[in-house]
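Engineer: Residues -5 to 155 in this note's numbering are what the sequence shown spells out, letter by letter. Note that the Cβ used here is the ideal one computed from N, Cα and C, for glycine as well. Quick one: structure below, then a few questions.
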Amino acid sequence: MISAVRRLQFCYGHRVYNHESKCANLHGHNGVVFIHAKAPQGLDKLGRVIDFSLLKDLVGNWIEEEWDHRMILFKDDVATIDLLSKASWSKKPFILDANPTAENMAKFLLEDLSPKLFYGKGIIIHKVVFYETENCYAEVSIEPNDPKVLERFGILIANSF
Ligand SMILES: [Zn+2]
């Protein structure tokens, strides 16, 4: 099956809560994300999985609004959240349910965000690759033919057989 992939980049700050070494310090990254989309019911009339601009508009705009130039913190990192709440920000830190590693941020984009953004649009996001640095990345994927995955993206498989 064919995938369409959109690259997106953004800047963010974080720290890895309880990290054994320097990642416990507040620091920043230029993150690069690759969003992989498939069309379970086939390409559209123009021969596309989805218009690339729609991937950018939906995921790119969400990232720009919620993560770009922002601190991303684990909800259990109460001391840092409390400390930073005293500062003035154009946007307060984004609180994640898990430690803000590349793995967990990729998982959030794939499992939490994508089904909401793309519900009923005829595609599924089946893989997210998240580069924290040029040399280090995390990759998370889901089984694109799993009926539960299709259901989460609002795709009716009954019509395709
Ligand atoms: Zn880091």
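(1) Among Ile66, Arg0, Leu77, Asp38, which residue has its Cα nearest to the Cα of Met99?
(2) Just verifying my parser: in three-state terms, what is the DSSP assignment at Met99?
(3) Say yes only if the C-beta of Cys17 is nearer than 6 Å to one or more non-hydrogen atoms of ligand 1, and no if none qualify.
(4) For the alpha helix (DSSP H) that contains Arg146, what are its first and last residues?
(5) When the Cα atoms are used, what is the spatial distance from Phe88 to Lys50?
(6) Given a cut-off of 7 Å, decide if Phe112 and Asn93 are closer than it, judged by their beta-carbon atoms.
(7) Taking Thr127 as the reference, give the member of Gln3, Val(-1), Ala(-2) with the closest Cα.
Structural biologist: Quick answer:
(1) Numbered from 1 along the sequence shown, position 105 holds the residue referred to as residue 99. Considering only alpha carbons, the answer is Ile66.
(2) As a working note, residue 99 is residue 105 in the sequence shown. Correct three-state label for Met99: helix.
(3) Start at 1 with the first residue of the sequence shown, and residue 17 comes out as number 23. Yes, ligand 1 has a heavy atom inside 6 Å of this Cβ.
(4) Counted from its first residue, the sequence shown places residue 146 at position 152. Looking at the DSSP string, the run of the alpha helix (DSSP H) that includes Arg146 is 141 to 146.
(5) To locate residue 88, count along the sequence shown from 1; it is residue 94. To locate residue 50, count along the sequence shown from 1; it is residue 56. One C-alpha to the other measures close to 21 Å.
(6) Here residue 93 refers to the residue found at position 99 of the sequence shown. Here residue 112 refers to the residue found at position 118 of the sequence shown. Going by C-beta atoms, Asn93 is not nearer than 7 Å to Phe112.
(7) Numbered from 1 along the sequence shown, position 133 holds the residue referred to as residue 127. Looking only at Gln3, Val(-1), Ala(-2), the smallest Cα-Cα distance to Thr127 is reached by Gln3.
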